[in-house]
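Note sheet for the following structure.
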Amino acid sequence: MSHEIRTPMSAVIGMAYLALRTELTAKQHDYISKIHRAALTLLGIINDILDFSKIEAGRLEVESIPFSLQDVLDNVNSVTAQRAADKRLTYVIGVAPDVPRHLVGDPLRLGQVLINLVNNAVKFTLEGKLELRCDLRARRGDKVTLRFTVSDTGIGMTPQQKSRLFRAFSQANGSTTRQYGGTGLGLSISQQLVRLMGGNIEVESEVDHGSTFQFDLPFALSDETALAAQASAQHAAVGELQLDASPRRTARVLLAEDSADNQDVTRALLELQGLDVEVVGNGREAVARLMEAGPRAYDLVLMDLGMPEMDGHEATRLLRVDSRFSELPIIAVTSNALAGMRARCLEEGMQDYLTKPIDPQRLYSVLSRWLGMSMKVIPPVPPLAESADGAADARQALLDLAGLLADFSGESMDYFERAQVSLATMLSPPEMGRLRHHMEQYEFQAAGKLLAEAIKRQET
18 MSHEIRTPMS
28 AVIGMAYLAL
38 RTELTAKQHD
48 YISKIHRAAL
58 TLLGIINDIL
68 DFSKIEAGRL
78 EVESIPFSLQ
88 DVLDNVNSVT
98 AQRAADKRLT
108 YVIGVAPDVP
118 RHLVGDPLRL
128 GQVLINLVNN
138 AVKFTLEGKL
148 ELRCDLRARR
158 GDKVTLRFTV
168 SDTGIGMTPQ
178 QKSRLFRAFS
188 QANGSTTRQY
198 GGTGLGLSIS
208 QQLVRLMGGN
218 IEVESEVDHG
228 STFQFDLPFA
238 LSDETALAAQ
248 ASAQHAAVGE
258 LQLDASPRRT
268 ARVLLAEDSA
278 DNQDVTRALL
288 ELQGLDVEVV
298 GNGREAVARL
308 MEAGPRAYDL
318 VLMDLGMPEM
328 DGHEATRLLR
338 VDSRFSELPI
348 IAVTSNALAG
358 MRARCLEEGM
368 QDYLTKPIDP
378 QRLYSVLSRW
388 LGMSMKVIPP
398 VPPLAESADG
408 AADARQALLD
418 LAGLLADFSG
428 ESMDYFERAQ
438 VSLATMLSPP
448 EMGRLRHHME
458 QYEFQAAGKL
468 LAEAIKRQET
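Once you know that position 459 of the sequence shown is 476 in this note's numbering, the rest is easy, because the numbers rise by one and skip nothing.
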């Protein structure tokens with residue numbers, strides 16, 4: 018069911034996204050923007066219903082895999098920050114310094130719960146502030162308990178409304194559904210997910226004084242040495258790709274996808290970044306094309322998993338048997354978002370994993386990582402009327418700046434991780450600790466001041 022629903026939704030959302038990047042009249046842009054927003058809303062409802070159905074059937078499972086807490090929080094920020102900014106809310110993400118960053122658990126479901134709670138806080142907060150915090154509650158050996166708290170200054174709730182908050186298809190009252198929208202499934206699903214992970218969501222709220230949602234979850238600590246070695250190997254693979262690709266003008270990508278509509282969407286998204294794209298319709302064609310062209314013909318393969326004749330799993334296994342293709346990056350693309358799918362893909366030799374509908378920002382982030390290229394997501398800008406007083410130019414400048422800042426906040430932490438060895442030669446261990454803290458808290462001004470002081474020392 019997930020595949021049959023997500024595949025056409027991927028085409029609708031992708032085509033609307035691409036249309037917004039073309040020259041449109043103001044009315045056309047308005048129509049397509051509404052289609053895009055409505056499709057994303059519908060996708061959210063579909064995801065809620067699918068998750069709820071799996072919970073009801075007892076088929077929803079959580080994973081236990083190594084992950085970076087910072088990556089989860091960065092993703093929460095990228096998904097939720099714009100909604101808070103649109104309402105001019107102060108939005109803070111805080112992580113206590115003693116919270117370990119490398120854990121074992123289910124990053125996908127943890128992120129899903131946090132995004133749901135933050136979006137809920139944004140929805141019911143008209144002005145003021147919302148905050149997401151993570152604190153260490155307990156640590157015993159290689160086990161920790163973390164507390165996640167989402168608080169807001171929104172409309173709040175009565176005790177009666179709180180009592181039915183986690184019931185499926187229920188909201189505070191009928192007028193809430195009409196005014197704010199939603200299915201009433203989000204909090205019910207979040208509570209079930211938190212319980213599956215070993216916790217329980219608790220709520221404190223007062224009418225007109227906001228709400229606070231919090232839950233504690235147990236995690237094992239992951240092997241940071243193993244994670245560092247994995248990251249080093251990944252960076253080495255990217256370096257080799259850069260050397261192999263240097264004689265060519267652009268990177269070449271082989272796209273294996275059976276849906277014609279999704280072929281068009283994905284090809285267009287790749288070509289927007291200047292990539293050279295070749296498309297095949299199933300895994301058998303992908304294997305044949307690679308065997309014919311050789312290991313240096315393509316820099317990366319986007320491999321859909323649910324194709325006819327030969328699926329992406331079998332195609333990848335066949336390619337990995339041939340030592341010539343042992344280091345060719347293969348990125349899984351699937352409509353199946355079930356637990357365990359990511360781990361299965363990695364075990365079969367794929368380097369990364371994308372779910373449909375494809376999010377352009379996530380797609381470009383993965384491609385940047387494995388192609389060693391910088392890719393920017395420029396948000397679509399509505400057509401502006403000519404203005405004699407320069408108001409249109411000013412608005413355009415602000416929109417451009419907002420896009421640049423969004424790109425910067427997402428990429429700065431990645432660059433910091435890559436540059437740690439070099440930075441350590443000019444910063445003391447305490448300074449490195451403070452710099453990491455500033456970067457993780459998005460305190461870029463403080464980070465810049467610390468670096469400026471270090472540079473000044475080097476020059477004297």
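Note that CB positions come from ideal geometry on N, CA and C, so glycine has one too. Computed from a prediction, not measured in an experiment: that's the story for all the values here.
Length of the line joining the Cα atoms of residue i and residue j
| i | j | result |
| --- | --- | --- |
| A113 | C151 | 6 Å |
| E326 | N137 | 43 Å |
| V220 | R154 | 18 Å |
| D261 | R313 | A caution first: D261 carries a pLDDT of 38, below 50, which makes its placement in the model too unreliable to give a value. |
| G173 | A441 | 47 Å |
| S17 | V350 | The requested residue 17 is not part of the displayed model; the chain covers only 18 to 477. |
| L163 | R118 | 11 Å |
| S382 | A98 | 18 Å |
| R453 | D369 | 26 Å |
| M449 | I22 | 47 Å |
| A101 | V304 | 45 Å |
| M443 | F165 | 35 Å |
| K473 | S445 | 14 Å |
| V93 | A332 | 33 Å |
| R379 | T24 | 17 Å |
| S95 | V297 | 32 Å |
| V130 | K393 | 28 Å |
| E257 | N64 | Low per-residue confidence applies at E257: pLDDT is 37, beneath 50, and the placement is therefore not dependable enough to give any value. |
| R451 | L213 | 35 Å |
| T175 | S222 | 7 Å |
| G203 | V116 | 27 Å |
| Q290 | R386 | 14 Å |
| L147 | G366 | 41 Å |
| G75 | L345 | 38 Å |
| R301 | N353 | 20 Å |
| T267 | S391 | 12 Å |
One or two residues paired with residue i in a DSSP bridge
| i | result |
| --- | --- |
| K160 | R157 and A237 |
| Y108 | L147 |
| A349 | M320 and Y370 |
| R269 | D293 |
| D152 | R164 |
DSSP-derived helix/strand/coil call for residue i
| i | result |
| --- | --- |
| F232 | strand |
| F84 | strand |
| S70 | helix |
| F165 | strand |
| H119 | strand |
| L90 | helix |
| S50 | helix |
| E223 | coil |
| D275 | coil |
| L202 | coil |
| T97 | helix |
| D217 | According to the sequence provided, residue 217 is Asn. The question's Asp does not apply to it. If DSSP states are grouped into helix, strand and coil, N217 belongs with coil. |
| V29 | helix |
| R38 | coil |
| A360 | helix |
| T58 | helix |
| T333 | helix |
| Y381 | helix |
Buried or exposed (CB count within 10 angstroms, at least 16 for buried), residue i
| i | result |
| --- | --- |
| Q177 | exposed |
| H53 | buried |
| K44 | exposed |
| K51 | exposed |
| T42 | exposed |
| G465 | exposed |
| K373 | buried |
| K140 | buried |
| Q462 | exposed |
| D339 | exposed |
| G145 | exposed |
| H226 | exposed |
| R105 | exposed |
| S168 | buried |
| T58 | exposed |
| V211 | buried |
| A469 | exposed |
| G357 | exposed |
At least three beta-carbon pairs within less than 8 Å, the region 55-71 to the region 106-125: no
- request: Specify whether the region 270-279 and the region 318-334 touch according to this definition: at least 3 beta carbon pairs, one from each stretch, less than 8 Å apart.
  value: yes
message: With a threshold of 8 Å, are at least 3 pairs of Cβ atoms found where one atom belongs to the region 277-290 and the other to the region 19-37?
response: yes
- request: Take every Cβ of the region 231-241, pair it with every Cβ of the region 118-126, and state whether three or more of those distances are shorter than 8 Å.
  value: yes
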